[in-house]
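Shown next, in structure tokens, is the structure this report addresses.
Numbering (our numbering), first residue to last: 282 to 537.
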């Protein structure tokens, strides 16, 4: 079977079933585990499907329902850890940083050593909890609580963030396509927009599976971001494309 034919069959099966495991695809196509995983990664990089732990999900199925916070924590963990470790290197003594909601942002704290005069501001309850044992000036911005993501949103959150200034902001996305940075909830996106606008250095964190993927609400323009941190496995064509909009940092940090 030619590779092109195999990719088309694989994509058709995922689209028809919504979700397919690697094991199911091996049985259906009669090829090796390594071949299936490589094919899935290639299709995910081109935005034709979404890679999940142990298999793949159709774009239509993925866009229909936002994963819960617990589900998101289990997806693409290695890629998220690599990005979080690279982001942590950008935090310096004396910084006031905004860290937005998201499972990648929650991991940054693991890779931050003691830093003098560091202030961390967030409207994410999980991010706040992850920093509680660190010697930092920690600020939680309140508002209406969104259980699916653990974020505080709404007018109160946005108004408070609007009064604060940050040296750096670290924000996540559910998807990036061309210049559009997207998330699933309008109020959550709006709060992040306010925080990014009040930041001197704007940094977006997106594992390679979120590149060339759409979601409901465009909350920011990639042109206006200083850095996009993503995984080194992102294909050369996508890297070249997104370098038109911002500085792309490719990372493959060793995770101990």
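A virtual CB, placed ideally from N, CA and C, is assigned to each residue, including glycine.
- Less than 8 Å divides the Cβ of residue 450 from the Cβ of residue 476.
- In this structure residue 468 is buried. Its beta-carbon is surrounded by 16 or more other beta-carbon atoms within 10 angstroms.
- Of 517, 498 and 529, the smallest CA-CA separation from residue 504 is found for 529.
- Counted as a single uninterrupted DSSP element, the stretch harbouring residue 481 is not any alpha helix (DSSP H) but the beta strand (DSSP E) occupying residues 480-486.
- CA-to-CA, the gap between residue 311 and residue 364 works out to about 34 Å.
- Approximately 6 Å separates the beta-carbon atoms of residue 402 and residue 445; this is inside 8 Å, confirming the contact.
- The C-beta of residue 333 has 16 or more other C-beta atoms within 10 Å across all chains shown, which makes the residue buried.
- When DSSP states are grouped into helix, strand and coil, residue 497 belongs to the coil group.
- Under the 10 Å beta carbon count, residue 319 is surrounded by fewer than 16 other beta carbons and is classified as exposed.
- Taken atom to atom, the span from the alpha-carbon of residue 437 to that of residue 431 is near 16 Å.
- Between the C-alpha atoms of residue 316 and residue 295 there is a straight-line separation of about 16 Å.
- Burial check for residue 521: the Cβ neighbour count within 10 Å stays below 16, so the residue is exposed.
- No Cβ-Cβ contact shorter than 8 Å links residue 506 with residue 531.
- Contact between the segment 375-391 and the segment 407-416 is present, with at least three C-beta pairs closer than 8 Å.
- Note: residue 337 is bridge-paired with 301 and 332 in the DSSP secondary-structure output.
- Annotation note: the segment 397-474 contains the following uninterrupted alpha helix (DSSP H) runs of length 4 or greater, listed N- to C-terminal: 406-411 and 436-443.
- A check of alpha carbon separations from residue 518 across 397, 323 and 485 identifies 323 as the nearest.
- Setting aside the 5 residues that flank it on each side, residue 369 is surrounded in the same chain by 389, 392 and 393, each with a C-beta closer than 6 Å to its C-beta; the list follows chain order.
- Rounded to the nearest whole angstrom, the C-alpha separation of residue 417 and residue 407 is 16 Å.
- By the Cβ-count criterion, residue 285 is exposed, with fewer than 16 other Cβ atoms from all chains shown falling within 10 Å of its own Cβ.
- One thing to note: residue 508 has its Cβ no nearer than 8 Å to the Cβ of residue 470.
- Under the three-state reduction of DSSP output, residue 392 falls in the helix class.
- Judged by DSSP secondary structure, residue 526 falls outside any alpha helix (DSSP H); it is assigned neither H nor E.
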